Structure formats: C-alpha cells, structure tokens
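Q: Here our numbering is used: the first residue of the sequence shown is 1, the next is one more, and so on. Structure in structure tokens, see below.
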Amino acid sequence: MDLKRISFLNTEINNLNLSEIFTYLDECIENKKSMHLVSLNVDQVVKIEHDSEFKDIVMNSELIITDGTPIVWISKLLGKPIVEKIPGPFLAEELMRYSANRRYSVFFLGAMDGVAELAACKMHKMEEIKTVAGFLSLIQLFCKQAASPSQFSAT
C-alpha cells in the first residue's frame, strides 16, 4: 500500500484518510507486523526542531498523521493540502469500533500509571466495544503485571 508520505516543514506526514489507515492496519494484522503511529500536532512539530530523540521517534514511525487544524491550514498555505485531520481521541474511538467490527482485540499500553487503565475502561464501557485484551502502564511493566479486562474497575 502506498502510505503517501510527504515532506512537511521539518518532518513528514502520511497524507491518508481514515479508511486508508484502516486498510493499512488490516495489512499489518494479516502479516503479523507491528506498527507505530504518531498523531502529530503543531506542538510536536515545534518540539522536533530541538529534540533529536523525539524527531527520530516520529520519523521512524510507520504512520505520521495530522492531529491539528493549524497543520491543515499550513499545509494549504504550502500548497500540499492534507486530505483529512484525524485527532488522536477520535482515531482511538474509531479504531476501537473498527476493531470490534473486525473482532480484533486491543491492548492498551500507557506511560503514566493509570492512563492505560482509564482508556481501556472507557473503551470497554462503550456498548458495541468489548474487545479490550488488557492494559499495562510502565509501572506495571517494571513490576511485570499486565491486567486483563476482568480487572477493570466499576468506575
């Protein structure tokens, strides 16, 4: 699949719509290929200027998508219009619905304690979504304790 990566300011962006992202996701799952997606906003574009480690993380991800109206505006001014803005929270919900329809399970990995659990619990409570495999924070990782959906709190 053509991932339509374009140069954009000091970085690159995959100029894809939501349907194309899901097509690529299907390909990755079918081929048992892991992938890293970055949802890029204007603050991160600025951070790339002075943080080489962050820039490497972004540039080495398979997908860099647009998460912010200012990036869309700038893309139009530069004559390289972005086809669709896909905010991270919107993508997460759509990804969960898509995963449920495809019967994929999703595992949440979070950096700060409680973040992955909160995201997993919120998604697990959505009526049509029951495909959460579990969650893990970095603290749990260091303690080697992953949680399963049966451990979700009632809140």
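Glycine included, C-beta positions come from ideal geometry on N, C-alpha and C. Just so you know, these numbers come straight off a predicted model, no measurement behind them.
Does the stretch 34-50 touch the stretch 63-79, meaning 3 or more C-beta pairs lie closer than 8 Å?
A: Yes, since at least three Cβ pairs between the stretch 63-79 and the stretch 34-50 fall closer than 8 Å, the two stretches touch.
Q: Could you check what DSSP says for E12 in three-state terms: helix, strand or coil?
A: E12: strand per DSSP, three-state reduction.
Q: Determine whether the beta carbon atoms of E117 and N17 lie at a separation below 8 Å.
A: Contact: no.
Q: Let's see if you can read the secondary structure: which residues bound the alpha helix (DSSP H) around V132?
A: First-last for V132: V132 to S137, but that is the beta strand (DSSP E), not the alpha helix (DSSP H).
Q: Taking buried to mean at least 16 other C-beta atoms within 10 Å of its own C-beta, is M59 buried or exposed?
A: Under this definition M59 is an exposed residue.
Q: Could you compute how far the alpha carbon of S153 sits from the alpha carbon of Y104?
A: Because the pLDDT of S153 is 48, which lies under 50, any placement of that residue in the model is unreliable, and the question is left without a value.
Q: Which term fits I13, buried or exposed, when burial requires 16 or more other beta carbons within 10 angstroms of its beta carbon?
A: By the neighbour-count rule (16 or more Cβ atoms within 10 Å), I13 is buried.
Q: Measure the alpha-carbon distance for F135 versus N41 and round it to whole angstroms.
A: Those two C-alpha atoms are separated by around 25 Å.
Q: Identify which residue in W73, L3 and T11 has its Cα closest to the Cα of Q44.
A: Considering only alpha carbons, the answer is T11.
Q: Which class does R5 belong to by DSSP, given the choice of helix, strand or coil?
A: Looking at R5 - three-state DSSP - the assignment turns out to be strand.
Q: Can you confirm whether the stretch 1-9 touches the stretch 74-83 when touching is taken to mean that 3 or more C-beta pairs between the two stretches lie within less than 8 Å?
A: Yes: at least three Cβ pairs fall under 8 Å.
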